[in-house]
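Number of protein chains: 2
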Amino acid sequence: MSSPPSTATPPPKLGFRPLYQQVRDDFVQRLVDGRWTPGQALPSEMELAAEVGVSQGTVRKALDALANENLVVRRQGRGTFVAEHDEARILFQFFKIVPDKGESGFPASRILSTERGAATYAEAGVLGQPVGSPVLRIERVRSLGDRPVIVETVTLAETVFPGLGDGEIPNNLYSLYATRYGVTVAHAQEKLKAIALTASDATALGVAAGHPALLIDRRAISLDGTTAEWRVSRCLTDAHHYVSDLK
Amino acid sequence: MSSPPSTATPPPKLGFRPLYQQVRDDFVQRLVDGRWTPGQALPSEMELAAEVGVSQGTVRKALDALANENLVVRRQGRGTFVAEHDEARILFQFFKIVPDKGESGFPASRILSTERGAATYAEAGVLGQPVGSPVLRIERVRSLGDRPVIVETVTLAETVFPGLGDGEIPNNLYSLYATRYGVTVAHAQEKLKAIALTASDATALGVAAGHPALLIDRRAISLDGTTAEWRVSRCLTDAHHYVSDLK
DNA sequence: TAGTGGTCTAGACCACTTC
DNA sequence: AAGTGGTCTAGACCACTAG
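Line order of the protein sequences matches chains A and B. Quick note: the first sequence uses this note's numbering, first residue 934, plus one each step. Quick note: the second sequence uses this note's numbering, first residue 934, plus one each step.
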């Protein structure tokens, strides 16, 4: 017969990934590499489209996706900017403890101790590092409105953040990770439990041992998908609570 | 001079609301009215566009917004459907207590008591009803894997859900609200605290009084923005935890 | 006034599901 | 083969910001 062989048109259908997602991945890589740094203004959509070789509408979908992930901020009339870990963003995105009554502010911090050590089995598993590799453990108390409310243990890999424990440790750690080490915390996973405070935690918070507290186990995930930090917080919830919106 | 008066073109700029959002609001109203009911297949984008009088792309943006709010489900090749409150969705969207190890299942329920009463000041404020108006209070224990884990108090307005307490009370309340009363729970706000269990709660859960527990105060918000239900849960977190993703 | 992101439209084509 | 939602493009126009 005259029917042409169907082998003439073999369009590859498997492994299909939309163009705008590929462009998004390209842009994320620029953030990981540091070619785009926090606060920087991106080229306009038209310029990016010409550079990447797609239409302006496709660049828009990619940038909208990044804006949805809080990685960039878009402002009509001004441009698109790489998101920064300023206090306002941290407060809104990562700090879920608020007073029962009144406004929430950024918590003050007082360092109890910093300690270098070898990663335990648990720490190694969480941080994706070998058992026994060097880690830094920070113990601090955080206060809201002159009242100590949280005692927390921050654990991170020294191979990722070399020399972090040597100098002053600022209140806003995520901002330090970004500016000094180029590590951007993109999102976090938290697991919550109710516990009775240990004697030492109770002392740090000025209550009796055995007092109920909220235990928050947080893993902060960086842009490249690795766990940048492990943070375990014990929070008093007598005059504060943890907010969670189910959407 | 020959310059035309600028008063000839007074385009109203204030109160600007994008067309696709107006279309979205129109569609939400169809859900509130019950013209679109859970599980129903919507007309195709082309048909909706012709009906509303906008382009297919604008209808798409409106439907995408609804899909983002979990109000509709879009399936390529099949169509767009009104979301249902089936167990899988409830589990994923509203049930955040999971076992420390293993898979999570839908919790079984055992009713402790149902009680009709007059709304207290607190209940009236939460439910948006007058003080003293009739309310229904349901007390029940929920179990995960043969182990009682949660004791909770559900409070709702009888004017919104008349006769709900008369018959059998099902495990999945949100599905009942939707099918029998046309009330769709769209999202919820939760406030968490750590507490010591009261004697009666401890007995219901089979632990000692004073045992630490997670207190969850949830207000379920319906499609029209009112609070449909107030639920206060006390959860054991010895072998379970509450998950919260910070994105 | 110029430049940016935001909206709206129109059409072509692709991937998925069902018949 | 037909119908659905998903992607990609192109162009016009609108709203916002800055100089």
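For each residue, glycine too, the CB sits at the ideal point set by N, CA and C. Being a predicted model, the structure only gives us computed values, none of them experimental.
query: Does Ser1166(B) come out as helix, strand or coil in the three-state DSSP assignment?; result: strand
query: Do the stretch 1132–1139 of chain A and the stretch 1090–1109 of chain A touch if we need at least three Cβ pairs shorter than 8 Å?; result: no
query: Measure how close the beta-carbons of His1120(B) and Leu1125(A) come, nearest whole angstrom, since I'm counting them as under 8 Å.; result: About 20 Å separates the two Cβ atoms, so there is no contact after all.
query: Can you tell me which of Leu1148(B), Leu1109(B) and Leu1156(B) puts its alpha carbon nearest to the alpha carbon of His1018(B)?; result: Leu1109(B)
query: Would Val957(B) be called buried (16 or more neighbouring beta carbons within 10 Å of its own) or exposed?; result: Looking at the sequence provided, one finds Arg at residue 957(B) rather than Val. Classification of Arg957(B): buried, given that the 10 Å Cβ count is 16 or more.
query: Is the Cβ of Asn1105(B) closer than 9 Å to any Cβ of chain A?; result: no
query: On a Cα-Cα basis, can you pick out the residue from Arg1151(A), Arg950(A) and Val1176(A) that is closest to Glu1056(A)?; result: Arg1151(A)
query: Would you mind working out which of Leu1169(B), Glu978(B) and Ile1128(B) sits nearest His1174(A), comparing C-alpha positions?; result: Ile1128(B)
query: For Glu978(A), does the count of other Cβ atoms within 10 angstroms reach 16, so buried, or fall short, so exposed?; result: buried
query: Using three-state DSSP, classify Gly972(A) as helix, strand or coil.; result: coil
query: Checking 9 Å against the spacing of the C-beta atoms, do Ile1149(A) and Ser1177(A) come in under that value?; result: no
query: Is the beta carbon of Leu1060(A) less than 9 Å from the beta carbon of Thr1160(A)?; result: yes
query: Taking Cβ positions, are Val1064(B) and Gly1050(B) nearer each other than 9 Å?; result: no
query: Could you name the residues of the same chain whose beta carbon sits closer than 8 Å to that of Asp1033(A), not counting the 5 residues immediately before and after it, in chain order?; result: Ala1172, His1173 and His1174
query: Residues of the stretch 1118–1130 of chain B with a CB closer than 7 Å to any CB of chain A: list them in chain order, please.; result: His1120, Ala1121, Gln1122, Glu1123, Lys1124, Leu1125, Lys1126, Ala1127, Ile1128 and Ala1129
query: Kindly indicate the opening and closing residues of the alpha helix (DSSP H) around Leu1077(A).; result: Segment Pro1067 to Leu1077 is the beta strand (DSSP E) holding Leu1077(A); no alpha helix (DSSP H) there.
query: So, using beta-carbon positions, are Phe960(A) and Leu1024(A) closer together than 9 Å?; result: no
query: Please say whether Asn1105(A) and Ile1020(A) have beta carbons closer to each other than 9 Å?; result: Note on identity: in this sequence residue 1020(A) is Glu, with Ile being the wrong assignment. Closer than 9 Å, so yes.
query: Applying a beta-carbon distance threshold of less than 9 Å, which residues of chain B neighbour Glu1081(A)?; result: According to the sequence as given, residue 1081(A) is Pro; it is not Glu. By Cβ distance, chain B contributes nothing, its closest Cβ being about 16 Å from Pro1081(A), past 9 Å.
query: Nearest-angstrom Cα distance between Glu1123(A) and Arg1008(B)?; result: 31 Å
query: In the DSSP assignment, find the unbroken alpha helix (DSSP H) run with Gln1122(B) in it and report its ends.; result: First-last for Gln1122(B): Val1118 to Ala1129, but that is the beta strand (DSSP E), not the alpha helix (DSSP H).
query: Does DSSP put Pro944(A) in a helix, a strand or coil?; result: Bear in mind that the predicted position of Pro944(A) carries a pLDDT of just 45, short of 50, making it unreliable; the figure below should be weighed with that in mind. Note: Pro944(A) maps to coil in three-state DSSP.
query: What's the gap between the Cα of Ala1111(B) and the Cα of Leu1130(B)?; result: 33 Å
query: Express the C-alpha separation of Gly1058(B) and Trp1163(B) in angstroms, rounding to a whole number.; result: 11 Å
query: Taking all protein chains shown into account, do 16 or more other C-beta atoms lie within 10 angstroms of the C-beta of Pro944(B), making it buried, or fewer, making it exposed?; result: Here Pro944(B) scores only 46 on pLDDT, less than 50, and its place in the model should not be relied on; the value that follows carries that caveat. Exposed is the call here.
query: Using a C-beta to C-beta distance shorter than 9 Å, which residues of chain B count as neighbours of Leu1147(A)?; result: Leu1125, Lys1126, Ala1127 and Leu1147
query: Could you spell out the range, first to last residue, of the alpha helix (DSSP H) harbouring Thr991(B)?; result: Gln989 to Asn1001
query: Distance, Cα to Cα, Leu1169(B) vs Gln955(A)?; result: 44 Å
query: Straight-line CA distance for Arg1073(B) to Asp997(A)?; result: 44 Å
query: Please state the DSSP three-state secondary structure of Pro937(B).; result: Reliability fails at Pro937(B), whose pLDDT of 36 lies under 50, so the model's placement of it is uncertain and no value is given.
query: Does any residue of chain A have a CB that is nearer than 9 Å to the CB of Arg1164(B)?; result: no
query: Quick check on DSSP: helix, strand or coil for Ala1141(A)?; result: coil
query: Following the continuous alpha helix (DSSP H) through Ala1111(B), name the residue where it begins and the one where it ends.; result: Leu1106 to Tyr1114
query: Could you run through the stretch 1165–1180 of chain B and flag, in chain order, every residue whose CB is less than 7 Å away from some CB of chain A?; result: Thr1170, His1174, Tyr1175, Val1176, Ser1177, Asp1178, Leu1179 and Lys1180
query: Could you tell me if the beta carbon of Glu1036(A) falls within a distance shorter than 8 Å of some heavy atom in the ligand FAD?; result: Annotation note on the ligand FAD: not contained in the displayed structure, which lists no ligands.
query: What does the alpha-carbon distance come out to for the pair Ile1083(B) and Phe1028(A)?; result: 26 Å
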